[in-house]
Amino acid sequence: MFVAGYAVTFFGFRHMTALPGCTDEQLELFFTYCSLNVVLMTVPVFVWCKRVNIRSERIQRLLANLTLCGFGVYMIHYFFAGPSVLLMRALQVPIPLQIPLAAVCAFGVSWCIVAAVYKAIGSRARWLMG
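Right under this line is the structure:
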């Protein structure tokens, strides 16, 4: 399912960028959060996360921190999505990997910022970061 969703996203976006009169709305058609291809990629990830059994205490702590910071990460990740894509292009990352690596980069930066705010001001960060 994930590969099928990624393929629809990649080839749909590629097709739209090849159209000479493509608008911004048309360009974003294949990676909006409410599209079927995003569902095809999201469902397997949630199923895998639900079934995985993690025994490492360090990873459990990281995941607990991610759960705490999740909404804040969601709220600020968009500020880093565009610059992450530009970074991947500047680094000349192959086109099929640019969006996944940019997503990982934006996620990592967002998580670090939100976690740092939680560490700096404690539980009061909930009011600021969500």
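Numbers in the working numbering are just positions in the sequence shown, counted from 1, shifted up by 10.
For every residue, glycine included, the Cβ atom is placed at its ideal position computed from N, Cα and C.
- Going straight from the alpha carbon of C79 to that of Y128, what length do you get? 8 Å
- Item | Residue from V114, M11 and I109 with nearest C-alpha to W1 | Lying outside 11 to 140, the shown extent of the chain, residue 1 is not represented and no answer is given.
- Query: Taking DSSP as the reference, what is the three-state secondary structure of N64?
  - Reply: Checking the sequence shown, residue 64 turns out to be Ile, not Asn. I64: coil per DSSP, three-state reduction.
- Rounded to a whole number of angstroms, what is the C-alpha to C-alpha distance between L76 and W121? 7 Å
- Rounded to whole angstroms, what's the CA-CA distance from T42 to I123? Just pull it up for me. 24 Å
- Query: Can you round the beta-carbon distance between T19 and N47 to whole angstroms, since I take them to be within the 8 Å contact cut?
  - Reply: 5 Å
- Message: In the DSSP assignment, the alpha helix (DSSP H) including V119 goes from what residue to what residue?
- Response: I105 to I131
- Buried or exposed for F90, please, with buried defined as at least 16 other CB atoms from any protein chain shown within 10 angstroms of its CB. buried
- Query: The alpha helix (DSSP H) spanning R134 covers which residue range?
  - Reply: That residue, R134, is in no alpha helix (DSSP H); it is neither H nor E in DSSP.
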